[in-house]
Amino acid sequence: MMPSGLRFAAGCVLAVVVPACVLHFGAADERLAAGLTAPPFGWARVLVAHLVTALPLGLLVAGWLRSVPAVDGAAPVLWVGAGVGVAALGTQVCAAFGEAVIGGEFGAVPLLVFRATIAFAMVLPWCVWATDAPDSNARPLVNPGALFGLAAGGAVLPCGLFAEAVIAARTERAGDLIQRERVVRADVVLTGLIELGSDRPVGKMLPAAIHKDLATVIPRLKRSGDRPLSANTKPSDRFNRALLMIQLDRLDEAAALLETLIANDTATLLLATVYRDQERWAESDELYSRVLEKMTPRTETSPAAREMCFTAIEGLTFNARADRRPADAERVLNRGLDLLPDRAAYFHFQLGRHYHDGGRPSLALEHLREAARLDPAHFGEPTVKLIRQIETVTPACMLQRTR
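Numbered according to numbering that gives the first Met the number 0, the sequence shown spans residues 0 to 402.
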């Protein structure tokens, strides 16, 4: 028999790993391809968080169950089988419940409690297998009811806070995707938000309302995208078809169309964005840089050239950050600050964020304050939040060095 200490450690690990794998990989293929996990957990990190925080409650209840002779005498293999069986059953329950919640009728609290209950049921058999029968002569140090309440709260409240943080980040992501008309990708994020019970508006509408609208829009777009193009299709029609493919997240097809239009600067920028979304950083950088170098001499006289340069600089900055090249991101942002003085507030704000992320608080504060001074309407509130965060977590001596 496995030593009790080793069995306890193994049981705690298996209580998280086995249900997480069974639930996640038991989800529908389209959910996995879209980056989602089993409903109503939305994303895998939320699923894992629930399983981890359910462990203390599972171990507490397992100890009580072990005090029952019939339970304590059961063969260990039964609990292992029960753990796998409950996880497999959970995939069916979650799939059925996911269909019920997608309309957005359930609030965040009922969904949180449901997720916590599912997680507790998943970890309990493994916790029973991992624990030994308690000493019948030992006196409890804490009232069992209070201990249960503490463990139950620990299984729910931290995950509620974590879900709120996920909702905040994903709501911003959904808004960005909707603004860029990336409707298929946006619908995936909206689905996750609905499953977490989000009541935060994306733009001016709730996630469930946008998801309902997209349920009619996306099939219509797919029908249009499936119509074949003739060999002599005009460049403008190929460009519009590429835009449609991007909306549908069919990026390979969009890239193939745009590669035939590379002489057009707008098509080049769009192709660079497609490469960016495919994480083809070097190819994307090359196209953004090509347009930037071509348009730079025209920025003083052409608003269109300034807009193209701004788009290229945004893209190069995104690529550098995503590819973990902070020095390149800083260089590009400073170039934008010099090249496009009418967008100075934007570049100061981005440089402030960049220096904050890089652990250079004094430079961050300098640029953030300048952004707020230049354009308080757009950057006043965001800079106040970042400045407060920097001043809260940064030792005063580090801020005073360069003041």
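Virtual Cβ for every residue (Gly too), placed ideally from N, Cα, C.
Please state whether DSSP places residue i in a helix, a strand or coil.
{"i": "V67", "result": "coil"}
{"i": "E171", "result": "helix"}
{"i": "E278", "result": "coil"}
{"i": "E299", "result": "coil"}
{"i": "R402", "result": "Note on R402: pLDDT 45, under 50, position unreliable in the model; no value is reported."}
{"i": "P360", "result": "helix"}
{"i": "T272", "result": "helix"}
{"i": "I177", "result": "helix"}
{"i": "P424", "result": "This structure gives no information on residue 424, because the portion of the chain shown stretches from 0 to 402."}
{"i": "P133", "result": "coil"}
{"i": "A403", "result": "Summary: the structure shown does not reach residue 403, with the chain confined to residues 0 through 402, and so no result is reported for it."}
{"i": "A262", "result": "coil"}
{"i": "D212", "result": "helix"}
{"i": "D322", "result": "coil"}
{"i": "G314", "result": "helix"}
{"i": "M0", "result": "Confidence in M0 is poor, its pLDDT being 48 and thus under 50, which makes the residue's placement too unreliable to answer from."}
{"i": "A27", "result": "coil"}
{"i": "G191", "result": "helix"}
{"i": "G148", "result": "helix"}
{"i": "G351", "result": "helix"}
{"i": "G159", "result": "helix"}
Would you say residue i and residue j are within 9 Å of each other, going by their C-beta atoms?
{"i": "T295", "j": "L338", "result": "yes"}
{"i": "T90", "j": "G41", "result": "no"}
{"i": "G62", "j": "W125", "result": "no"}
{"i": "L110", "j": "P206", "result": "no"}
{"i": "L129", "j": "F309", "result": "In the sequence as presented, Leu is not what sits at residue 129; that position holds Ala. Not a contact, by the Cβ cut-off of 9 Å."}
{"i": "I245", "j": "R199", "result": "no"}
{"i": "G357", "j": "P381", "result": "no"}
{"i": "H353", "j": "A328", "result": "yes"}
{"i": "A176", "j": "A185", "result": "The residue asked about is misnamed: residue 176 is Leu in this sequence, not Ala. Yes, the pair counts as a contact, with Cβ atoms nearer than the cut-off."}
{"i": "L46", "j": "A37", "result": "yes"}
{"i": "D264", "j": "K233", "result": "no"}
{"i": "G224", "j": "G106", "result": "no"}
{"i": "A173", "j": "V188", "result": "yes"}
{"i": "A154", "j": "T52", "result": "yes"}
{"i": "V290", "j": "L257", "result": "no"}
{"i": "C158", "j": "A48", "result": "yes"}
{"i": "G351", "j": "L364", "result": "yes"}
{"i": "L123", "j": "V85", "result": "yes"}
{"i": "A14", "j": "G57", "result": "yes"}
{"i": "I19", "j": "A43", "result": "The amino acid occupying residue 19 in the given sequence is Ala; Ile does not appear at that position. Yes, the pair counts as a contact, with Cβ atoms nearer than the cut-off."}
{"i": "R169", "j": "D248", "result": "no"}
{"i": "D284", "j": "N231", "result": "no"}
{"i": "K221", "j": "G102", "result": "no"}
{"i": "L367", "j": "F346", "result": "no"}
{"i": "H355", "j": "L385", "result": "yes"}
{"i": "R179", "j": "A132", "result": "no"}
{"i": "A321", "j": "S288", "result": "no"}
{"i": "A33", "j": "T190", "result": "yes"}
{"i": "L270", "j": "A254", "result": "yes"}
So what does residue i bridge to, in DSSP terms?
{"i": "M121", "result": "Its beta-bridge partners do not exist; DSSP assigns none."}
{"i": "V182", "result": "For V182, which the question treats as bridged, DSSP gives no partner whatsoever."}
{"i": "M204", "result": "V201"}
Could you please give the first and the last residue of the uninterrupted alpha helix (DSSP H) stretch that includes residue i?
{"i": "Q388", "result": "375-392"}
{"i": "R226", "result": "Element bounds for R226: n/a, residue is neither H nor E."}
{"i": "I245", "result": "234-246"}
{"i": "A8", "result": "3-24"}
{"i": "P325", "result": "325-338"}
{"i": "D255", "result": "In the sequence as displayed, the identity of residue 255 is Ala instead of Asp. Start and end: 250-257."}
So is the beta-carbon of residue i under 8 Å away from any non-hydrogen atom of the ligand SAM?
{"i": "V108", "result": "For the structure depicted, the ligand SAM is absent and the ligand set is empty, with no information on it obtainable."}
> Taking only runs of the alpha helix (DSSP H) that begin and end inside the stretch 31-109, which ones reach a length of at least 4 residues, in chain order?
Replying inline: 43-65, 68-71, 75-100
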